[in-house]
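Novice: Got a structure for you, questions after.
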Amino acid sequence: MRGGTPKRSSSGTIIVKVNQHTGDFKVQHVTSTIYGGANVTTHRAVLLGTLWGLRKCFTQHWETVHVMGDNQDVLQQQLNRAPPRAKQLKGDYWKTRRLADAVAVQSWTTQLREFNRTANELARMAQSTGRDMDWHAGEMPNAGAKWEGITRFIKDDVKQWFLEKAKSTSSKVVEAKV
1 MRGGTPKRSS
11 SGTIIVKVNQ
21 HTGDFKVQHV
31 TSTIYGGANV
41 TTHRAVLLGT
51 LWGLRKCFTQ
61 HWETVHVMGD
71 NQDVLQQQLN
81 RAPPRAKQLK
91 GDYWKTRRLA
101 DAVAVQSWTT
111 QLREFNRTAN
121 ELARMAQSTG
131 RDMDWHAGEM
141 PNAGAKWEGI
151 TRFIKDDVKQ
161 WFLEKAKSTS
171 SKVVEAKV
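Residue numbering for the sequence shown is 1 to 178, as defined by UniProt numbering.
Following this line, the structure appears as structure tokens:
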């Protein structure tokens, strides 16, 4: 606690099923979560949000998982299998790492914050309301105005992920040919 006020941080997680051939996608689950306590940091909130998303993929048996986010440190640690130095983050890192292996994460992609607007708006929603919120795929047609501000960003975020994925795939092909 700082000055008697507990620390708070939040995360926004969205799970989307994507057809990699057509580019069509379907939202599976969305959550915005607020975390509080003496050891809460942005890094930890990102780890916990990632952990939540991977758990959901594991329990629902969703396959071919790709993780995209705007926190380069967390993604690089997962990609390189390098735990954070901070002792209070190691437990969350290893839980996330084991679950990432269990669902066989195919890629860890860093996406600039302006192209990760859905997750950022979800995190902002948790901060401003002080509450966690969940949205399941079946609720999408009845979402209404509550989620309208969030859903308008999903298409652009998925499109940008496709562009980033195409760039990384092309550069690997070029590197392999050289």
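Glycine included, every Cβ here is placed at the ideal spot set by N, Cα and C. Every value quoted in this text rests on a predicted model; they were computed, and no experiment measured them.
Mind checking who HIS29 pairs with in its DSSP beta bridge?
Specialist: Answer is ILE15, HIS136.
Novice: DSSP three-state call for THR41: helix, strand or coil?
Specialist: Residue state, collapsed to three classes: coil.
Novice: Can we say the region 52 to 67 touches the region 12 to 25, given the rule of at least three CB pairs closer than 8 Å?
Specialist: Output reads yes: the region 12 to 25 touches the region 52 to 67.
Novice: Hey, how far is the Cα of GLN72 from the Cα of ALA45?
Specialist: About 14 Å.
Novice: If you draw a straight line from the alpha carbon of GLN28 to that of HIS136, how long is it in whole angstroms?
Specialist: Their backbone Cα atoms lie some 6 Å apart in a straight line.
Novice: Check whether the Cβ atoms of THR31 and SER9 sit closer than 8 Å, and answer yes or no.
Specialist: No.
Novice: Look up TRP108 in the DSSP assignment and give the residues it is bridged to.
Specialist: DSSP output for TRP108 lists VAL67 as bridge partner(s).
Novice: Which residue wins for smallest C-alpha separation from LYS95, given the options LYS7, GLY49, THR151?
Specialist: If we check each option's Cα against that of LYS95, GLY49 comes out closest.
Novice: Nearest-angstrom Cα distance between LEU123 and HIS21?
Specialist: The sequence as given places Ala at residue 123; Leu does not occur at that position. Near 30 Å, if we compare the C-alpha coordinates of HIS21 and ALA123.
Novice: So LYS34 and GLY130 are supposed to be a Cβ contact under 8 Å. How far apart are they, rounded?
Specialist: At residue 34 the sequence reads Ile, which differs from the Lys that was named. With a Cβ gap of about 6 Å, ILE34 and GLY130 count as contacting.
Novice: Quick check: LEU89 and HIS43, are their CB atoms within less than 8 Å of each other?
Specialist: In this structure, HIS43 lies closer than 8 Å to LEU89 by Cβ.
Novice: Helix, strand or coil for ARG97? Go by DSSP, reduced to three states.
Specialist: Helix at ARG97.
Novice: Which one or two residues does DSSP pair with ILE150 in a beta bridge?
Specialist: According to DSSP, ILE150 bridges with nothing at all.
Novice: State the beta-bridge partners of GLY49 as determined by DSSP.
Specialist: According to DSSP, GLY49 bridges with nothing at all.
Novice: Look up GLY91 in the DSSP assignment and say whether it is helix, strand or coil.
Specialist: Three-state result, GLY91: helix.
Novice: Looking only at DSSP bridge pairs, what is SER168 linked to?
Specialist: Its beta-bridge partners do not exist; DSSP assigns none.
Novice: Just to confirm, is the Cβ distance from VAL105 to VAL67 under 8 Å?
Specialist: Against a cut-off of 8 Å, the Cβ pair of VAL67 and VAL105 comes out as a contact.
Novice: Do you know offhand how far ALA176's Cα is from TRP108's?
Specialist: In this predicted model, ALA176 has a pLDDT of only 37, less than 50, meaning its place in the structure is not dependable; the value taken from the coordinates is given anyway. ALA176 and TRP108: Cα-Cα distance of roughly 20 Å.
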